[in-house]
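J.:
Protein chains: 4
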Amino acid sequence: MTDPHDPDRRRDLAHVGPVELFTPVPEESCAFFVQQMGLREVFRDNDSVYLHTWDDYQSWTVRLIAREQAGIGRTYLRAAGPQALARKTDELRAAGVAVTSENSVRGLGDVFLFDDPDGHPMGLYWDVERYQADDSDRPALKNQAAAYPGRGANVRRLDHINYLTSDIPRTAGFLTDLLGARCTEQIIKDDGEPQAVWYNLGNKTYDLVYTEDWTGTRCRLHHLAFATDTREEILRAADVFLDAGTHIETGPHKHAIQQTFFLYVYEPGGNRIELCNAGARLILAPDWETISWTLAERAKGQAWGLKTIESFHSHGTPVLESDA
Amino acid sequence: MTDPHDPDRRRDLAHVGPVELFTPVPEESCAFFVQQMGLREVFRDNDSVYLHTWDDYQSWTVRLIAREQAGIGRTYLRAAGPQALARKTDELRAAGVAVTSENSVRGLGDVFLFDDPDGHPMGLYWDVERYQADDSDRPALKNQAAAYPGRGANVRRLDHINYLTSDIPRTAGFLTDLLGARCTEQIIKDDGEPQAVWYNLGNKTYDLVYTEDWTGTRCRLHHLAFATDTREEILRAADVFLDAGTHIETGPHKHAIQQTFFLYVYEPGGNRIELCNAGARLILAPDWETISWTLAERAKGQAWGLKTIESFHSHGTPVLESDA
Amino acid sequence: MTDPHDPDRRRDLAHVGPVELFTPVPEESCAFFVQQMGLREVFRDNDSVYLHTWDDYQSWTVRLIAREQAGIGRTYLRAAGPQALARKTDELRAAGVAVTSENSVRGLGDVFLFDDPDGHPMGLYWDVERYQADDSDRPALKNQAAAYPGRGANVRRLDHINYLTSDIPRTAGFLTDLLGARCTEQIIKDDGEPQAVWYNLGNKTYDLVYTEDWTGTRCRLHHLAFATDTREEILRAADVFLDAGTHIETGPHKHAIQQTFFLYVYEPGGNRIELCNAGARLILAPDWETISWTLAERAKGQAWGLKTIESFHSHGTPVLESDA
Amino acid sequence: MTDPHDPDRRRDLAHVGPVELFTPVPEESCAFFVQQMGLREVFRDNDSVYLHTWDDYQSWTVRLIAREQAGIGRTYLRAAGPQALARKTDELRAAGVAVTSENSVRGLGDVFLFDDPDGHPMGLYWDVERYQADDSDRPALKNQAAAYPGRGANVRRLDHINYLTSDIPRTAGFLTDLLGARCTEQIIKDDGEPQAVWYNLGNKTYDLVYTEDWTGTRCRLHHLAFATDTREEILRAADVFLDAGTHIETGPHKHAIQQTFFLYVYEPGGNRIELCNAGARLILAPDWETISWTLAERAKGQAWGLKTIESFHSHGTPVLESDA
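Protein chains in written order, with our numbering: chain A, 5 to 328; chain B, 5 to 328; chain C, 5 to 328; chain D, 5 to 328.
(1) For L286 (chain B), which residues in chain D fall below 8 Å Cβ to Cβ?
(2) Residues in its own chain within less than 8 Å of V103 (chain A) by CB, not counting five upstream and five downstream?
(3) For chain A, is any of its Cβ atoms less than 9 Å away from the one on L89 (chain C)?
(4) Could you pull the start and end residues of the alpha helix (DSSP H) that T57 (chain B) belongs to?
(5) Roughly how many whole angstroms lie between the Cα atoms of T312 (chain B) and G305 (chain B)?
(6) Less than 9 Å between the C-beta atoms of L286 (chain A) and N207 (chain D), yes or no?
(7) How long is the line joining the alpha carbons of N166 (chain A) and T321 (chain A), rounded to whole angstroms?
(8) Thinking C-alpha only, which one of A:D243, A:T298 and A:H56 is nearest P143 (chain B)?
(9) Could you please tell me which residues of the region 261-279 of chain B, in chain order, have their CB closer than 7 Å to any CB of chain D?
(10) Got a sec? Which residues, its chain only, sit under 7 Å from A99 (chain A) by beta carbon, not counting five neighbours each side?
(11) So the alpha helix (DSSP H) F349 (chain B) belongs to, where does it begin and stop?
(12) At the level of alpha carbons, what is the spacing between F36 (chain A) and R78 (chain A)?
(13) Examine the Cβ distances between the region 133-140 of chain D and the region 59-68 of chain D and report whether three or more of them are shorter than 8 Å.
(14) What does D247 (chain C) touch in chain D if you count any residue whose Cβ is under 7 Å from its own?
(15) Along chain B, which residues have their Cβ under 9 Å away from the Cβ of R4 (chain C)?
(16) Taking all protein chains shown into account, do 16 or more other C-beta atoms lie within 10 angstroms of the C-beta of A328 (chain A), making it buried, or fewer, making it exposed?
(17) Please look up how many angstroms separate the CB atoms of N281 (chain A) and T234 (chain A), rounded, as I've assumed it's under 8 Å.
(18) Please check if any C-beta of chain C sits within less than 9 Å of the C-beta of G184 (chain A).
(19) Could you spell out the range, first to last residue, of the alpha helix (DSSP H) harbouring A98 (chain B)?
(20) Let me see if you follow: with CB-CB separation under 9 Å, is T57 (chain C) close to chain D or not?
(21) Using the DSSP secondary-structure output, state which residues sit across from A70 (chain C) in a beta bridge.
(22) Tell me which residues share the same chain as M5 (chain A) and place their Cβ nearer than 8 Å to its Cβ, disregarding the 5 neighbours each side in the sequence.
(23) Need the endpoints of the alpha helix (DSSP H) that R302 (chain A) sits in, please.
(24) Given a threshold of 16 other Cβ atoms within 10 Å of its Cβ, counted over all protein chains shown, does R48 (chain C) qualify as buried or as exposed?
(25) Thinking C-beta only, is E271 (chain B) closer than 9 Å to T3 (chain B)?
(26) I want to see whether chain C comes within less than 9 Å of R44 (chain D), judged by CB atoms only; does it?
(27) Apply the 10 Å Cβ neighbour rule to A300 (chain C) and answer buried if 16 or more other Cβ atoms are within range, or exposed otherwise.
(28) Drop a sphere of 10 angstroms on the beta-carbon of T215 (chain C), count the other beta-carbons inside from all chains shown, and report buried for 16 or more, exposed for fewer.
(29) Could you give the C-beta distance for A307 (chain D) and L246 (chain B), rounded to a whole number, given that I count them as a contact under 8 Å?
(30) Identify the contact partners of V244 (chain C) in chain D, using a Cβ-Cβ distance below 9 Å as the criterion.
(31) If you count every other CB in all the chains shown that lies within 10 Å of the CB of T209 (chain C), and 16 or more means buried, which is it?
(32) Hey, does E95 (chain C) have any beta-carbon neighbour from chain D nearer than 9 Å?
(33) Can you tell me whether K146 (chain A) is buried or exposed? The criterion is at least 16 other CB atoms within 10 Å of its CB, across all chains shown.
(34) Who are the near neighbours of A229 (chain C) in its chain, counting only those whose CB is closer than 6 Å to its CB and skipping five residues on each side?
(35) DSSP three-state call for H319 (chain A): helix, strand or coil?
(36) Might you give, ordered along the chain, the residues of its own chain that have their beta carbon closer than 7 Å to the beta carbon of V4 (chain A), omitting 5 neighbours on each side?
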């Protein structure tokens, strides 16, 4: 078991990988991601469309799956290496977590499937197919996965996933002790228990977030976040969303927690999508001490005073099972 | 005759209106303007395509005309009102300028055609058709002509035209004395004669520029410039041009003269196109005194030290005649 | 009397000039404008400090006057020329407006003093002293009044003034018929009467705004606005204000009306100050038709959905008399 | 010995820590870093001034040392943990590198001193003093080391160091095999040997760069780079440098290699300083394959076509010894 406070511990997970999203309106959702967000459709089968962000070195970033309701599917996490993958799956099994192996996920090699304590399905993998640009999106510079789209929000990559959960303490322990994630910031309730926890895997400020579900529901998605290069692109994206009739929930503004510049919209299927930019902020200190915010501090609103709107505490979309 | 130094003189011209551009590769040029610059095709006839920038209140901004070579056609200038139009045409005629009337220009009412002393064809008009957005580009906000495209450079509007000319003093007099334009900045040669002159019609820093043609050729185009809302959009446009294989001539950088942030590219037909942003800089002083730059100052390069590249002094495209 | 709908009418006012502001805490207010806003102190006498924005060609932009309470003093408006000044004062007198002459205003020549119908004191002038940079703020480029400060919000210039008024229809008539301003946008109540009116003098989207005072009070200031070159500078200014403990009222966000990107703070004395950026948006059409917004449209909030906060409808600071 | 191509290798170095810089004009250099770059003076002793960037969690970022000529002193590198520090020093000694211990470096605990193969002095450390803001730079948000300065370029942190070296292959081996750095990009000469190599330690695109010294000199500094949050801040910094008379060598522009947006200036002492921004670009792939550029590719110039200027290949400042 890893001690998350030990700076010498190995960081066995590299990053949040591709993710599955369900939508009752697949064509509208696809058009949203392509036209407004700037992703690119790279593959399509019976019930799903695979989309790619231009800076993702992997072959796809989001798989949109047609289903009767919106929701989140499996989150794939890339291990830091083949030994790291073996170590992590061993540790999960040793801790009594059910882990099954799967080798039919598009673009990934062997994937080890498990659920977090709240039930969100995850998958660890090492082998991965590289993105191959074709004539229509070949970049001029060889250090870039695909050409800059010049379309909509031009999101660069998947940034983080924020899950709603019914039991923060149990998931928090799972994240730090088993997955070896590091808690960079948290909200602590008056009873001393965490209400929301932000974890990173490398130098990013965070990659995975768990937020207490005020509705008491188990296992939902709060939002999926995509990074842009600038805050200006988020401001411009707001104009794109406005003209497209996309529901803007809140923002653009700056979070006090993690200082992320944000904009939240609902994609046509109903899932909440964030556009985020952290500027050049990184967590470089290996012994970064978790920043704790009280509910009173939280009640002050966002960094520049914006009050958090009601739906932000209630709207979520459930976990649904994919066939992967 | 107007005294350009009299702040109380009337400003009878409102702005630089639509403009005609010739290209030997009309489809490629059209794709450049639509995909990379963010304009929209609004009408097409036998030999031309009419394109619109999203903030232009008029029905079209650029008419691309198929021709065996690249070049500039007629520049239309909107008068400040119907009486201003009458005054201006009277003054032109009184000064011996040939003025003919034309009423078949798309989207414009009566147009009074004339040439500047170097031969660049122009047209004055007052009546104009408003841009009508349709379902695919209807803006959410009613104070905007069309939806924000979210495509390529997203240029907002035509900003200015820079003509090459064989006789600066004569054109300069025409601009100030007859057209009533105000010279906001100029380059003065060691012999005291102007080498380049920047004119504005309202509060913009400039709308029309005349540059001495070092090749001695009469009557060419140096470039057509389009304004973006931010410098960041110009930086992003550079990425779009890079990936599209568009020839970037120079920039992004900041001119010392007028302080414009610029990027110059050649559209596929060969005409030089500028993307420009002036920040919030405006000429608000009605008695603004012309800023004069010496050749020595000019030799220092652009604002932040970039040297002016050779092709900037030689490349130009000729005036061609349209059938309008 | 000018017909505001006649595009051929003369525009006899050039821009909103310097303005006076009262504050009960002059040193704190001065520190706010210098350290946080980026203005420069250029002169100080017994009870006032004169401050300059780096792109103002005039010798001062804001005069801060010590007084027991916050408030707005006189707004100076520059005429478009000496004949325009004479014409305008004649028209005001002919309309029965009391106009007195004054020649002791710092940096201005003869000033013609009058009040708008609600009582806001104004002054028309033509002669003006140019800003003279000294060794500590001499700009590298000769087309700039002073060096770029590189301090706080780096505001470029005074942009506009928004007055609260008890009688919109009367002030509206005064602005258009007497001052010759053009109403570019307005909010129209269900009874057909205007609730707020935005006027411009040149190509800017607006220079003077009148908003109905919901508290019924006569003659107050809603806010004074300063322009930045980019929206990014407004985002950064929000960080500066946050760290300085300055009260951020609302924003950064984008107005639906006029599309201005905004941030509202209270300077230490209590006056509301806006930072604004319009991108490259200008009103170039000489026959721009006033855009009218209904209360229902207004109730939708700002461009990207932000609700207008309560204090925005109630907080204002009164007109106080200066000794100028 | 570490295999740099093994994704499972430990990453024992966390980041590039504080650094020493020599200058013959200490007061001018200090004023440059404080007024133009936005650092803060935090301590001063006989011959040196310690400066801090606002997002550095450590007590100082750059130590400016008065000396008869400009140059680079020691670069401190923080280990990823106490065991990592022990492992690294053991490995260095095992490889025959002279390592001495030192415990009098301001703000650092035990430091293990050694030279890279070309002679650039370095120091590894784990224990470090945290930055303590005081009343004049206390940030409003607790997840930030110091208040945002709102001054000059507002650089967030030291980003990377680029050393000139006489023997790239030997230093390259040292970096990857001994320090465990990962080569993310490189320039390869026609003879197959590297001409410049970029290494990262975590997810940043690079932290340490070695460039072949065309003058054949051993052991110099090419430049020290500081990160800003946006490209816009670099554009604004260029204005600040212009007005301050600081020598701008080249930029702002975008490197093809690593895609960094850059601006190079000389601080008054003569050392080359870069301002850089990578957008949201990170190296998340644990098995990132080194991108290699040929000399022919390099000859094309920077990303958007800017030619590399001559002084960029010749100007450098030597290593000097500090007394630490």
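Using N, Cα and C, we set each Cβ at its ideal position, and we do this for glycine too.
T.: Reading it off the structure:
(1) Under the 8 Å cutoff, chain D gives no residues; its nearest Cβ is about 18 Å from L286 (chain B).
(2) T93, L96, R97, F116, L117 and F118
(3) no
(4) Where T57 (chain B) is concerned, there is no enclosing alpha helix (DSSP H), given that its DSSP letter is neither H nor E.
(5) 6 Å
(6) yes
(7) 11 Å
(8) A:D243
(9) none
(10) L182
(11) Not covered by the structure: residue 349 (chain B). The range shown for chain B is 5 to 328.
(12) 21 Å
(13) yes
(14) P143, A144, A151 and Y152
(15) With chain C represented from 5 up to 328, any question about residue 4 (chain C) goes unanswered, as that position is not in the structure.
(16) Annotation note: pLDDT 49 at A328 (chain A) (below 50); position unreliable, no value reported.
(17) 6 Å
(18) no
(19) P86 to A98
(20) no
(21) C:T27
(22) In this prediction, M5 (chain A) has a pLDDT of 45, which is less than 50 and means its spatial position is unreliable; what the coordinates show is noted afterwards. Excluding residues within five positions, the ones whose Cβ falls inside 8 Å are E95, A99, D181 and L182.
(23) L299 to A303
(24) exposed
(25) This structure cannot settle anything about residue 3 (chain B), because the visible part of chain B is limited to 5 through 328.
(26) no
(27) exposed
(28) buried
(29) 6 Å
(30) A151, Y152, P153 and G154
(31) buried
(32) no
(33) exposed
(34) D163, H164, E278 and C280
(35) coil
(36) The structure shown does not extend to residue 4 (chain A), since chain A is modelled only from 5 to 328, so the question has no answer here.
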